[in-house]
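Peer 1: For reference, the structure I am asking about is given below.
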Amino acid sequence: MTEASTAGPRVMLVYLMDLRSHPQIMARAAAQVAVFRASGLDASALCVDRDLPGSLPAGFQGIAARGPRVLRAFSEARRLREALLETSPDVAILRFGFATRTMLSVAQRVPLMLEIHSDDTRELPSHPLVRLYARLSSRLFRRRLLAAVRGAAFVSSDLVGLPAFAGIRGPRAVIPNGIPIPASPIPLPHNERPVVGYSVGYAAPWQGLDRLAGLADVLPEFEFRLVIPDASIADEIRSSRVKMVTAAGPQEYRAAIEGFDVALGGLALDRKGITIASALKVRESVSLGIPTLLFSRDEDLDDVSTPTVATVARGAWEPAAVIAEVQAFVRGAVGARVPDALRQRVDVTAKAQRYASLIGEVLRSMEKAAQATQR
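Structure follows, in structure tokens:
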């Protein structure tokens, strides 16, 4: 592991994934580690290493995946637990998916915070077998896990007040997702006709690919592009007017989205019960200056209605009902870039500083609890 740059409290971000397959999450995590260190924390990160192309940022340790593919997730979780117990940070921050026995074991041995991105009682993995496992595991371990953690960061105000998370004791805060902001927007593309783009990393009903295909059908004057890491993700709309662009690596992905005149965000988040979102892909397009049209409320952008950032739907919707709004937005946004004042709304730096303050609050809360126990 890269040597820490400070001698403050040891903080470790933990991800049950190979961050190289999630470039927006990796960029956010790297920026957080840098800000945490600048604030006096001895920060680092721990994630899975599945031998993917590219390298992990400085201060990140990858735990190599081993064993049969079907059992790999279980072995990865155990190895991450072993690495955490060996490192013994003052506090570990886990990006929460759903409760497991391994996660509970960590929380009982290492002070643990959760970073909560969704309501895990409603949003479960899409694969049927994994979904069944998640339901059973959550039923067995969720209540005890939430009672054991020392605090939590929620990416939206919609999540923090849910009864599902009432069992979390200790400090909590709403800190929306953020992403590093380039010094200037990317150059304008030169397309023969307006390109309306969307990108997803995996197949799930809440990605809204059927709605994307519906928009392409009712708005033939535009070219709709879907950027995906694997062609099989888009099997359900293979015969639609949507043009598929397969981008297996980060360079291919970046080149693909730089061709968008307009980016779409959150096409079907209503299907998983999300009222207010904080999507990293939306933040990515806004940070790059790409005009972005949202189809769900956003924690940072819900009050914005400009020629380059706007929300056309807040809940369930059908393509035929939004033709006029989408058409007007795209026509007005071609050749434009999101202004710097709006790009700064999604900057990770200020959000990471708030995160560092929350970590300090959690550490102080733990110290007070320890002192009370000694009396």
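Position 319 of the sequence shown, counting from 1, maps to 319 under the UniProt record's numbering, and the rest follow consecutively. Virtual Cβ for every residue (Gly too), placed ideally from N, Cα, C. Values in this document were obtained by computation on a predicted structure and should not be read as measured data.
Look at the alpha carbon of V304 and the alpha carbon of R343, and state the distance between them as a whole number of angstroms.
Peer 2: If I take the Cα positions, the gap works out to 12 Å.
Peer 1: Alpha carbon to alpha carbon, what distance is there between V91 and M12?
Peer 2: Their backbone Cα atoms lie some 7 Å apart in a straight line.
Peer 1: Applying the 10 Å Cβ sphere with the 16-neighbour rule, what's the burial state of D235?
Peer 2: Exposed: under 16 other Cβ atoms inside 10 Å.
Peer 1: So the candidates are L80, A320, Q374 and M366; which of them puts its Cα closest to the Cα of L212?
Peer 2: Nearest of L80, A320, Q374 and M366 to L212, Cα basis: A320.
Peer 1: Just the C-alpha distance for R364 and Q371, rounded to the nearest angstrom, thanks.
Peer 2: If I take the Cα positions, the gap works out to 11 Å.
Peer 1: Can you tell me which of P187, L264 and W317 puts its alpha carbon nearest to the alpha carbon of Y198?
Peer 2: Among P187, L264 and W317, the Cα nearest to that of Y198 is on L264.
Peer 1: DSSP state of T87, grouped into three classes?
Peer 2: Here T87 sits in helix by DSSP.
Peer 1: Based on DSSP bridge pairs, tell me the residues matched to R144.
Peer 2: For R144, which the question treats as bridged, DSSP gives no partner whatsoever.
Peer 1: Straight-line CA distance for V173 to A350?
Peer 2: The question names Val, but residue 173 is Ala in the sequence shown. Near 14 Å, if we compare the C-alpha coordinates of A350 and A173.
Peer 1: Drop a sphere of 10 angstroms on the beta-carbon of A45, count the other beta-carbons inside from all chains shown, and report buried for 16 or more, exposed for fewer.
Peer 2: Buried, by the Cβ-count rule.
Peer 1: Of the residues R169, I228 and R109, which one's Cα is nearest the Cα of A152?
Peer 2: Taking only the C-alpha atoms, the option nearest A152 is R169.
Peer 1: Could you say which of L52, K272 and A38 lies nearest to D18 if we only look at CA atoms?
Peer 2: Nearest of L52, K272 and A38 to D18, Cα basis: L52.
Peer 1: Could you compute how far the alpha carbon of L280 sits from the alpha carbon of Q374?
Peer 2: Roughly 43 Å separates the two Cα atoms.
Peer 1: Look at A27 and P180 and say whether their C-beta atoms are less than 8 Å apart.
Peer 2: Yes, Cβ-Cβ distance for A27 and P180 is below 8 Å.
Peer 1: Label A166 either buried or exposed according to how many other C-beta atoms from any shown protein chain fall within 10 Å of its C-beta, with 16 as the threshold for buried.
Peer 2: Classification for A166: exposed.
Peer 1: Whole-angstrom Cβ separation of residue 397 and P185, contact assumed at under 8 Å?
Peer 2: Nothing in the structure corresponds to residue 397, since the chain is present only between 1 and 375.
Peer 1: From R331, E325, D347 and E318, pick the residue whose C-alpha is nearest to that of S285; which is it?
Peer 2: Residue D347 is the option with its Cα nearest to S285.
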